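Trainee: One structure, as structure tokens, below. Some questions next.
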Amino acid sequence: MSEAPRRRNACSNCRDHGHTINNCTHSSVQALMQEIQCAANYSIGFDHIAYIETWLGNLNAIQLRILAYQYNITIRSPPGQNLNVLDKRLFYIARLINATYTSQPRAAVDRQHARDSLSGEQVIAILETIEIWTSRNRNMIPITPMQTIYHQGSVIRENVRSIDNRRATNQRIIDRAQAEIAIAQARINELNNTRTILLVEWNIVEENLNQYVENMNIEPRKFDIDMVEDLSDDSASASDCPICYDSHTPEKLITTNCNHKFCSPCLVRSFDVLIATSSKHPTCAMCREPISKLTFNNNSVILMEMQEKYCKQKSNEIEVEVVEVVEEVTWYIDTLPDPVLV
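Note that the sequence shown covers residues 1 to 342 in UniProt numbering.
Put into structure tokens, the structure is as follows:
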């Protein structure tokens with residue numbers, strides 16, 4: 001008796017013989033792969049795991065098995081236990097969500113950027129479409145712990161993005177404040193350098209002024225004599241000096257308060273000898289009357305020289321001017337802020 005031909009099993013998907021569902025190449029398999037990828041894109045791009053979970057929950061057992069084989073997902077029951085149909089469905093759905101929703105971090109970031117490029121109205125319209133679709137088709141599986149976990153994860157990711165945005169804004173504020181602080185610090189350093197230079201120059205000026213005042217204090221004593229210049233038109237002729245007996249023009253003669261006239265060289269020599277040898281006040285060489293006034297005939301040069309050299313009043317005026325300058329400079333230095341240590 002001849003042996004009966006062996007019966008070949010048909011594919012559970014396309015019902016063709018010669019292959020099984022795990023290597024089926026029917027067009028419906030490719031269409032199903034494209035649909036699950038589209039659902040994953042919506043879920044990842046809009047942080048909405050309910051869409052992919054609800055879409056998978058509306059598939060039948062054969063479609064879930066096809067997708068599981070495409071993603072190399074197999075069911076391994078615990079020892080001594082057999083999973084029922086609902087447990088198998090939940091297992092397939094959970095593993096497919098893990099394979100499509102969480103295994104593409106780079107793609108998720110890219111889709112998030114694509115979402116940010118959409119307008120607010122487009123984002124709201126897409127989210128409303130997802131909510132309507134999930135509300136109409138959520139009738140085959142209950143809310144699972146995984147859905148709750150991924151929802152919390154989406155909230156956490158949104159909070160992280162918000163924190164990153166605030167951190168970037170705060171960093172820009174900090175950078176701008178640091179730049180302004182650097183400019184202010186440079187300005188403070190410049191002011192400190194300027195103040196240091198002014199203090200150095202002031203010390204030099206103060207030292208010179210003090211030296212000048214000190215030199216004035218140690219100069220030979222001077223006399224209380226008023227020296228005036230006669231600017232009237234002088235048409236008088238030359239006169240002889242009673243000390244040297246030389247004839248001099250009126251511009252070279254100096255008249256005392258007792259109306260005696262002497263030439264400036266003789267009067268200067270007599271003052272120098274008196275300063276060097278005696279502490280007496282100058283007197284007239286002719287009448288011995290104390291000299292209290294000298295009149296110069298249109299000769300301001302000799303007047304200024306003798307006034308600065310022998311007149312006590314002029315020296316006092318110069319000393320007062322020096323003191324005033326010192327006080328003004330001291331007041332200006334005191335108004336400057338103290339140097340800041342950097």
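Glycine included, each C-beta is placed from N, C-alpha and C at the ideal position. Being a predicted model, the structure only gives us computed values, none of them experimental.
Taking the alpha carbon of residue 39 as the point to measure from, which residue in 57, 182 and 26 has its own alpha carbon closest?
Mentor: Minimum Cα distance to residue 39 is reached at 57.
Trainee: From 294, 13 and 31, pick the residue whose C-alpha is nearest to that of residue 258; which is it?
Mentor: If we check each option's Cα against that of residue 258, 294 comes out closest.
Trainee: I'd like to check one pair, residue 21 with residue 354: are the Cβ atoms closer than 8 Å?
Mentor: Absent from the structure is residue 354, since the part of the chain shown begins at 1 and ends at 342.
Trainee: At the level of alpha carbons, what is the spacing between residue 277 and residue 270?
Mentor: Each residue's Cα considered, the two are about 11 Å apart.
Trainee: Can a CB atom of chain C be found closer than 8 Å to the CB of residue 50?
Mentor: Judged by its chain identifiers, the structure shown contains no chain C, having just a single protein chain.
Trainee: Which term fits residue 248, buried or exposed, when burial requires 16 or more other beta carbons within 10 angstroms of its beta carbon?
Mentor: The residue is buried, with at least 16 neighbouring Cβ atoms inside 10 Å.
Trainee: Bridge partners of residue 10, per DSSP?
Mentor: Answer by DSSP bridge pairing, in chain order: 17.
Trainee: In terms of DSSP beta bridges, what is residue 248 paired with?
Mentor: DSSP output for residue 248 lists 239 as bridge partner(s).
Trainee: Can you check which of these residues, 100, 298 and 64, is closest to residue 231 by C-alpha distance?
Mentor: Of the candidates 100, 298 and 64, the one whose C-alpha sits nearest the C-alpha of residue 231 is 298.
Trainee: Leaving out the 5 sequence neighbours to the left and right, which residues in its chain are closer than 6 Å to residue 344 when beta-carbon positions are compared?
Mentor: Here the chain has residues from 1 to 342 only, and residue 344 is not among them.
Trainee: Taking Cβ to Cβ, would you say residue 75 is nearer than 8 Å to residue 91?
Mentor: Yes, these two residues count as a Cβ contact at 8 Å.
Trainee: Apply the 10 Å Cβ neighbour rule to residue 199 and answer buried if 16 or more other Cβ atoms are within range, or exposed otherwise.
Mentor: Under this definition residue 199 is an exposed residue.
Trainee: Reducing DSSP to helix, strand and coil, say where residue 229 ends up.
Mentor: In this structure, residue 229 counts as strand in the three-state DSSP scheme.
Trainee: So residue 99 and residue 124 are in contact, right, with Cβ under 8 Å, and what is the actual spacing, rounded?
Mentor: Not really, about 30 Å apart at Cβ, beyond 8 Å.
Trainee: Nearest CA to the CA of residue 24: which residue from 242, 174 and 63?
Mentor: Closest option to residue 24, Cα to Cα, is 63.
Trainee: Any idea if residue 53 is buried or exposed, counting beta-carbon neighbours within 10 angstroms, 16 or more meaning buried?
Mentor: Buried, since its Cβ has 16 or more Cβ neighbours within 10 Å.
Trainee: By Cβ distance below 7 Å, which residues in the same chain neighbour residue 241 in space, the five residues on each side in sequence not counted?
Mentor: Cβ neighbours of residue 241 beyond the five flanking positions: 248, 262, 263 and 266.
Trainee: Which same chain residues, not among the five before or five after residue 181, have their C-beta less than 6 Å away from its C-beta?
Mentor: Hits under 6 Å: none found.
Trainee: With burial defined as no fewer than 16 other Cβ atoms inside 10 Å of the residue's Cβ, what is the status of residue 89: buried or exposed?
Mentor: Buried: at least 16 other Cβ atoms inside 10 Å.
Trainee: Compute the distance between the beta-carbons of residue 13 and residue 28, then report whether it is under 8 Å.
Mentor: It is a contact, given that the beta carbons lie within the stated cut-off.
Trainee: Taking the CB atoms as reference points, tell me whether residue 311 and residue 223 lie closer together than 8 Å.
Mentor: Yes, these two residues count as a Cβ contact at 8 Å.
Trainee: Please classify residue 309: does DSSP put it in a helix, a strand, or coil?
Mentor: If DSSP states are grouped into helix, strand and coil, residue 309 belongs with the helices.
Trainee: With distances taken between CB atoms, is the gap from residue 229 to residue 303 smaller than 8 Å?
Mentor: In contact: residue 229 and residue 303 (Cβ atoms closer than 8 Å).
Trainee: DSSP three-state label for residue 255, please.
Mentor: Three-state DSSP puts residue 255 in a strand.
Trainee: Please classify residue 293: does DSSP put it in a helix, a strand, or coil?
Mentor: Three-state DSSP puts residue 293 in a strand.
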